[in-house]
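A.B. asks:
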Amino acid sequence: MKIAPISSSSLKNLVLSDLPKLKPFKWFFSAANYGTGPPPCSFTESDSAAAAAVPFTGVLQDEDLLRKTHMSSSETSTNSTGLYVLDLINHGKLEPERTLYSKMLNKCTLLRKLKLGRVIHSHIQGSTFENDLVIQNSILNMYAKCGSLEEAHNLFDKMPTRDMVSWTVLISGYSQSGRAFEALGLFPQMFHQGFQPNEFTLSSLLKASGASPSDDHGRQLHAFSLKYGFDMNVHVGSSLLDMYARWGHMQEAEAIFNGLAAKNVVSWNALIAGHARKGEGEHVMKLFRQMLRQNFEPTHFTYSSVFTACASSGSFEQGKWVHAHVIKSGGQPIAYIGNTLIDMYAKSGSIKDAKKVFQRLVKQDVVSWNSIISGYAQHGLGAEALQLFEEMLKAKVQPNEITFLSVLTACSHSGLLDEGQYYFELMKKYEIEPQVSHHVTVVDLLGRAGRLDEANKFIKEMPIEPTAAVWGALLGACRMHKNMDLGAYAAERIFELDPHDSGPHVLLSNIYASAGRLNDAANVRKMMKESGVKKEPACSWVEIENEVHMFVANDESHPMREEIQKMWEKISGKIKEIGYVPDTSHVLFFMDQQDREVKLQYHSEKLALAFSVLKTPPGFTIRIKKNIRICGDCHSAFKFASKVLRREIIVRDTNRFHHFHDGLCSCRDYW
DNA sequence: ATAGGGTTAG
1 MKIAPISSSS LKNLVLSDLP KLKPFKWFFS AANYGTGPPP CSFTESDSAA AAAVPFTGVL
61 QDEDLLRKTH MSSSETSTNS TGLYVLDLIN HGKLEPERTL YSKMLNKCTL LRKLKLGRVI
121 HSHIQGSTFE NDLVIQNSIL NMYAKCGSLE EAHNLFDKMP TRDMVSWTVL ISGYSQSGRA
181 FEALGLFPQM FHQGFQPNEF TLSSLLKASG ASPSDDHGRQ LHAFSLKYGF DMNVHVGSSL
241 LDMYARWGHM QEAEAIFNGL AAKNVVSWNA LIAGHARKGE GEHVMKLFRQ MLRQNFEPTH
301 FTYSSVFTAC ASSGSFEQGK WVHAHVIKSG GQPIAYIGNT LIDMYAKSGS IKDAKKVFQR
361 LVKQDVVSWN SIISGYAQHG LGAEALQLFE EMLKAKVQPN EITFLSVLTA CSHSGLLDEG
421 QYYFELMKKY EIEPQVSHHV TVVDLLGRAG RLDEANKFIK EMPIEPTAAV WGALLGACRM
481 HKNMDLGAYA AERIFELDPH DSGPHVLLSN IYASAGRLND AANVRKMMKE SGVKKEPACS
541 WVEIENEVHM FVANDESHPM REEIQKMWEK ISGKIKEIGY VPDTSHVLFF MDQQDREVKL
601 QYHSEKLALA FSVLKTPPGF TIRIKKNIRI CGDCHSAFKF ASKVLRREII VRDTNRFHHF
661 HDGLCSCRDY W
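Numbering (the UniProt record's numbering), first residue to last: 1 to 671.
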């Protein structure tokens with residue numbers, strides 16, 4: 001076998017005198033290999049309340065983190081060291097030892113050094129350890145963890161003897177590589193050959209079940225765990241709760257969590273992540289505080305879930321508080337936290353803070369760029385988003401399909417038609433196949449610009465089958481430009497593809513109503529009723545003093561309803577003086593005529609605005625979140641309100657941000 | 001020798 005020569009530079013750290021004592025490998029695992037560079041990602045918050053915080057200077061200890069955060073030990077150092085050791089063995093200068101091979105294989109596994117692992121594997125073949133089961137399992141594990149499941153399975157098939165660990169290694173390998181089906185398929189085989197799975201096997205299998213769409217296997221495995229008492233094991237328990245959480249069954253996940261005698265930080269993280277995925281921001285914050293109270297130290301897993309949750313509910317204050325907590329606790333700010341922070345600040349309305357976090361990242365990866373670009377896109381700052389995209393290309397970060405989607409969204413939200421078409425074409429150059437969502441954005445872009453026929457033609461010529469979302473973009477544009485015929489055509493296509501969505505029904509009925517075709521409008525309403533399609537109830541929420549207050553239209557149950565009503569009447573009176581005219585065309589047509597203005601006054605965002613004015617000091621920025629898009633009347637009212645109240649009002653709807661300031665909106669009335 | 005938790009779009 002050929003061994004690559006050792007370069008002199010890689011030898012300079014070697015302490016040769018240690019080698020003969022057969023304890024040469026201490027250095028091999030020492031921190032010296034990891035370099036002393038800056039931490040992979042660090043930011044400081046010198047301007048905020050957390051300014052007094054310690055800047056991050058620590059070096060990460062966790063090797064798994066080092067790898068994931070581009071801090072892995074230098075390639076050449078590990079490779080040449082490994083090869084050097086093998087060379088010594090080849091020349092009879094070093095006695096091959098079981099632990100020696102074992103440690104080197106572990107190192108390869110840890111640092112995902114597949115090539116070196118292969119060399120060690122072939123070195124072991126033909127040695128006295130050729131048929132050593134423990135060594136064989138280590139090799140198997142090395143291949144599995146390095147992602148070469150084919151080599152792992154091949155070796156597994158050839159092994160003269162296997163034990164439960166061999167099976168477990170292979171199952172966990174498939175499970176961790178996202179090949180759930182293959183992992184689960186091995187279980188009956190293992191069982192029928194007389195091998196009893198242990199806690200390790202079950203954790204892996206449960207992880208695989210959580211990733212599979214059907215719950216058959218998972219429930220059987222749950223029963224199996226209970227029968228053998230494995231559910232008491234914290235790994236199995238956490239996997240179980242994570243599995244149910246991934247299926248969206250949060251009640252079962254909570255029940256398992258509560259039943260866990262020994263919870264650890266992973267159990268907490270799995271539960272918090274489950275609620276975060278469902279966008280249950282309030283509940284996540286509650287759990288986070290509980291976790292702190294019970295003296296569990298949050299990890300970067302916890303923080304990224306919490307920031308994701310704050311992002312989805314737009315909780316600026318709470319998000320800031322947790323950010324300060326990360327800094328104060330001296331936690332290691334790895335890329336995941338930084339990226340979720342960017343998203344959190346952007347989605348909770350502060351694009352400035354998002355940019356600040358972005359700039360302070362030591363290393364911006366593709367997700368960091370995507371997050372900041374989409375942040376600018378959501379705020380309607382198209383030119384800035386495009387500029388960032390160009391900077392990204394200059395920084396030689398490879399854009400992906402999400403990058404392009406964000407760029408196209410930026411164009412669409414700012415009415416940059418030519419730019420949008422240019423970037424859509426540019427995708428080809430980067431060999432990224434446009435998906436349905438990219439086509440949706442282009443239809444939106446053309447449609448908003450009033451080029452409805454072009455948009456229709458674009459759909460007709462799409463290389464992939466258009467979905468309801470594509471036709472939905474066209475329908476929205478038809479509503480905007482009052483094109484009834486094409487709108488009806490688009491709506492028909494949507495009804496065929498997705499009959500249960502209320503959105504297109506409402507849009508179509510409004511198109512008919514505004515064209516005076518009341519019969520047609522009534523038919524759509526009838527159709528909606530018959531098919532049982534329901535309109536999602538609209539609501540708005542604001543965060544005041546770490547508490548979220550939610551409003552629905554015409555809310556009569558609110559304890560402060562009278563004060564809120566009075567305040568809105570006051571605002572309404574003032575804005576009418578400077579030119580606000582209530583626009584009733586945005587209210588569903590089938591409402592009684594005389595009710596229209598009344599209903600309009602109590603749109604949930606107006607209630608939220610009145611409430612915020614009552615509860616916050618003068619001049620304080622008001623941040624309102626909505627679960628649907630803001631209507632034209634509220635948009636107009638808010639512009640005037642920002643002027644008379646002398647406050648900045650930021651509204652986040654499902655589509656984008658509106659910054660109202662001094663009578664104007666950042667969207668320039670284009671949304 | 002083998003196990004569980006986290007990011008960006010729409």
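Even glycine gets a Cβ: it sits at the ideal position worked out from N, Cα and C.
Return helix, strand or coil for V548, following the three-state DSSP convention.
C.D. replies: Here residue 548 corresponds to residue number 548 of the first sequence, with the count starting at 1. Here V548 sits in strand by DSSP.
A.B. asks: Taking the alpha carbon of G194 as the point to measure from, which residue in F200, W167, S666 has its own alpha carbon closest?
C.D. replies: If you number the first sequence from 1, residue 194 lands on position 194. Ranking F200, W167, S666 by Cα distance to G194 puts W167 first.
A.B. asks: Going by DSSP, what residues sit across from K626 in a beta bridge?
C.D. replies: Translated into positions along the first sequence, residue 626 becomes position 626. DSSP lists S540 as partners of K626.
A.B. asks: So what does DSSP say about F611, is it helix, strand or coil?
C.D. replies: One-based indexing of the first sequence puts residue 611 at position 611. It is helical.
A.B. asks: My output table needs one value for C634: the three-state DSSP class, helix, strand or coil.
C.D. replies: Mapped onto the first sequence, residue 634 falls at position 634. In the structure shown, C634 sits in a helix (DSSP, three-state: H, G or I).
A.B. asks: Classify D592: buried if its beta carbon has 16 or more other beta carbons within 10 angstroms, exposed otherwise.
C.D. replies: Walking along the first sequence from the start, residue 592 turns up at place 592. Bear in mind that a pLDDT of 48 at D592, under 50, signals an unreliable position, so the number given afterwards is only what the model happens to contain. It counts as exposed.
A.B. asks: Quick one, which of I171, S636, R668, T621 has its alpha-carbon nearest E648's?
C.D. replies: Within the first sequence, the letter at position 648 stands for residue 648. Among I171, S636, R668, T621, the Cα nearest to that of E648 belongs to T621.
A.B. asks: Please determine if the segment 444-455 and the segment 408-415 are in contact, where contact requires at least 3 C-beta pairs separated by less than 8 Å.
C.D. replies: Contact holds: three or more Cβ-Cβ distances are below 8 Å.
A.B. asks: In the DSSP assignment, find the beta strand (DSSP E) that holds F495 and state where it starts and stops.
C.D. replies: Reading the first sequence from its first residue, position 495 is the one you call residue 495. Looking at the DSSP string, F495 is not in any beta strand (DSSP E); the run it does join, the alpha helix (DSSP H), is 484-497.
A.B. asks: For H235, tell me which candidate among P617, N106, E252, K207 has the shortest Cα-Cα distance.
C.D. replies: The count along the first sequence starts at 1 and reaches residue 235 at position 235. When each option's Cα is compared against that of H235, the closest is K207.
A.B. asks: Would you mind sorting D453 into buried or exposed? The rule is 16 or more other CB atoms within 10 Å of its CB.
C.D. replies: Numbered from 1 along the first sequence, position 453 holds the residue referred to as residue 453. Flag for D453 reads exposed.
A.B. asks: Kindly indicate which three-state DSSP category L260 falls into: helix, strand or coil?
C.D. replies: In the first sequence, counting from the first residue as 1, residue 260 sits at position 260. Correct three-state label for L260: coil.
A.B. asks: On the CB-based measure, 16 or more other CB atoms within 10 Å of its CB, does H192 come out buried or exposed?
C.D. replies: In the first sequence, the residue the question calls residue 192 occupies position 192. Exposed.
A.B. asks: Quick check on R652: does DSSP put it in helix, strand or coil?
C.D. replies: Start at 1 with the first residue of the first sequence, and residue 652 comes out as number 652. Looking at R652 - three-state DSSP - the assignment turns out to be strand.
A.B. asks: Taking DSSP's pairing of strands, which residues face L221 in a bridge?
C.D. replies: Locating residue 221 in the first sequence gives position 221, where the first residue counts as 1. L221 pairs with nothing; no bridge assigned.
A.B. asks: If we require 4 or more residues per run, which alpha helix (DSSP H) segments fall completely within the segment 80-111?
C.D. replies: Here the runs fully enclosed are 98-111.
A.B. asks: What first and last residue would you give for the beta strand (DSSP E) that runs through residue 674?
C.D. replies: No answer is possible for residue 674: the residues shown for the chain start at 1 and end at 671.
A.B. asks: Measuring straight from C-alpha to C-alpha, what distance separates F660 and H558?
C.D. replies: Numbered from its first residue, the first sequence carries residue 660 at position 660. Numbered from its first residue, the first sequence carries residue 558 at position 558. Going from the Cα of F660 to the Cα of H558 covers about 26 Å.
A.B. asks: Determine the extent of the alpha helix (DSSP H) in which S514 is found, giving its start and end residues.
C.D. replies: Start at 1 with the first residue of the first sequence, and residue 514 comes out as number 514. Where S514 is concerned, the enclosing alpha helix (DSSP H) stretches over 502-514.
A.B. asks: Just how far apart, CA to CA, sit F29 and Q364?
C.D. replies: Within the first sequence, residue 29 is the residue found at index 29, counting from 1. Within the first sequence, residue 364 is the residue found at index 364, counting from 1. Any reading at F29 must be qualified, since the residue scores a pLDDT of 19, below 50, and its modelled position is unreliable; no value is offered.
A.B. asks: If you follow the alpha helix (DSSP H) that C411 is part of, which residue opens it and which one closes it?
C.D. replies: As a first step, residue 411 must be located in the first sequence, where it is residue number 411. Unbroken alpha helix (DSSP H) run through C411: 401-414.
A.B. asks: Tell me the start and end of each unbroken alpha helix (DSSP H) in the segment 421-494 that is at least 4 residues and wholly inside, in chain order.
C.D. replies: Whole alpha helix (DSSP H) segments, 4+ residues: 436-448, 452-460, 468-480.
A.B. asks: Between the Cα of L607 and the Cα atoms of R668, D583, C539, which residue gives the shortest distance?
C.D. replies: Within the first sequence, numbered from 1, the residue matching residue 607 stands at position 607. For L607, the nearest C-alpha among the options comes from C539.
A.B. asks: Is it true that the segment 561-572 meets the segment 518-527, where meeting means three or more beta-carbon pairs spaced less than 8 Å apart?
C.D. replies: Too few Cβ pairs lie closer than 8 Å, so no.
A.B. asks: Within the continuous alpha helix (DSSP H) that includes D188, where are the two ends?
C.D. replies: As a working note, residue 188 is residue 188 in the first sequence. With the sequence shown as reference, residue 188 is identified as Pro, and Asp is not the correct amino acid for it. 180-192 is the span of the alpha helix (DSSP H), which, as asked, contains P188.
A.B. asks: Taking the alpha carbon of P197 as the point to measure from, which residue in L111, L341, L497, Y228 has its own alpha carbon closest?
C.D. replies: For the purposes of this step, residue 197 is identified with residue 197 of the first sequence, where counting begins at 1. Selected option, being the one with the closest Cα: Y228.
A.B. asks: Which one of G579, A610, K576, G532 has the shortest CA to CA distance from K566?
C.D. replies: By 1-based counting over the first sequence, the position of residue 566 is 566. That would be A610, whose Cα lies nearest to the Cα of K566.
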